[in-house]
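Have a look at this one:
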């Protein structure tokens, strides 16, 4: 389990560096995932956030104007919301390759019975297929990289949203009052292109924020797709809300 040091001497900095130089990244990743899994165990009702981020300091300030995307190190992480621990990380060649890295991560870690949340950069039918094939449900943000899905969600809520299941949350944090309204619509048979066949529901979230200092109010509407049914609207709301800690706890 641990390296025995019979003489009590801690390896020097150079010795530790030489060890990491000869380690194969794939072997290290496998050992890390096994270590984290043994340490944390299998969580119940787990929510796992997948997100990519360029490493801070990967390009110096003086070189940043001359840098190209391939010069910057991008990492895609799988983060357990309940346990606040990184389950696995993979490097992607560039930001545009984050989807492939996300699919590789989903194939490496145990996501069965979990909800995987992803931002719009990972909204692809292929990634959803991998996640559901591993026994997970997904909640993923919709943005302009999937314009047809966004337009369809807008039209669906305009036509059928009046009677959609609704969940409302209100609270105060960071000097502002926030109100969030979650609405969920079941996807009807044949409603979406066949490649999005795993998607069961469309989600609309309307956020209203009021500053306690200036009383300025801002409003925003966001759309999501999920493999969960509309009857799980409270669980869907929890997953959407739970995704954001990856930004302040990990990034």
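In this note's numbering, the protein residues as written are -12 to 238. Cβ coordinates follow ideal geometry from the N, Cα and C atoms, glycine included.
Using 10 angstroms around the beta-carbon of residue i, count the other beta-carbons present and answer buried if the total reaches 16, otherwise exposed.
i	result
residue 214	buried
residue 114	buried
residue 105	buried
residue 68	buried
residue 208	exposed
residue 9	exposed
residue 144	buried
residue 220	buried
residue 212	buried
residue 160	exposed
residue 240	Because the chain here runs from -12 to 238, residue 240 falls outside it and cannot be looked at.
residue -6	exposed
residue 198	exposed
Name the DSSP beta bridge partners of residue i, please?
i	result
residue 40	62
residue 208	193
residue 213	126 and 188
residue 73	66
residue 153	170
residue 198	163
Express the C-alpha separation of residue j and residue i in angstroms, rounding to a whole number.
i	j	result
residue 229	residue 36	8 Å
residue 223	residue 38	18 Å
residue 75	residue 188	28 Å
residue 119	residue 33	15 Å
residue 66	residue 23	11 Å
residue 163	residue 194	12 Å
residue -1	residue 101	42 Å
residue 191	residue 13	39 Å
residue 154	residue 1	56 Å
residue 156	residue 226	14 Å
residue 178	residue 139	9 Å
residue 18	residue 77	14 Å
residue 73	residue 148	37 Å
residue 176	residue 201	47 Å
residue 150	residue 97	36 Å
residue 217	residue 168	14 Å
Run through DSSP, which three-state label would residue i get?
i	result
residue 228	helix
residue 221	helix
residue 5	helix
residue 179	coil
residue 17	helix
residue 242	A question about residue 242 goes unanswered here, because the residues of the chain that appear run from -12 up to 238.
residue 163	strand
residue 47	With a pLDDT of only 49 at residue 47, under 50, the local geometry of the prediction cannot be trusted, and the value read off the model is given with reservation. Residue state, collapsed to three classes: coil.
residue 172	strand
residue 141	helix
Which ranges would you report for the beta strand (DSSP E) in the segment 75 to 132 if only whole runs of at least 3 residues count?
102 to 105 and 124 to 129
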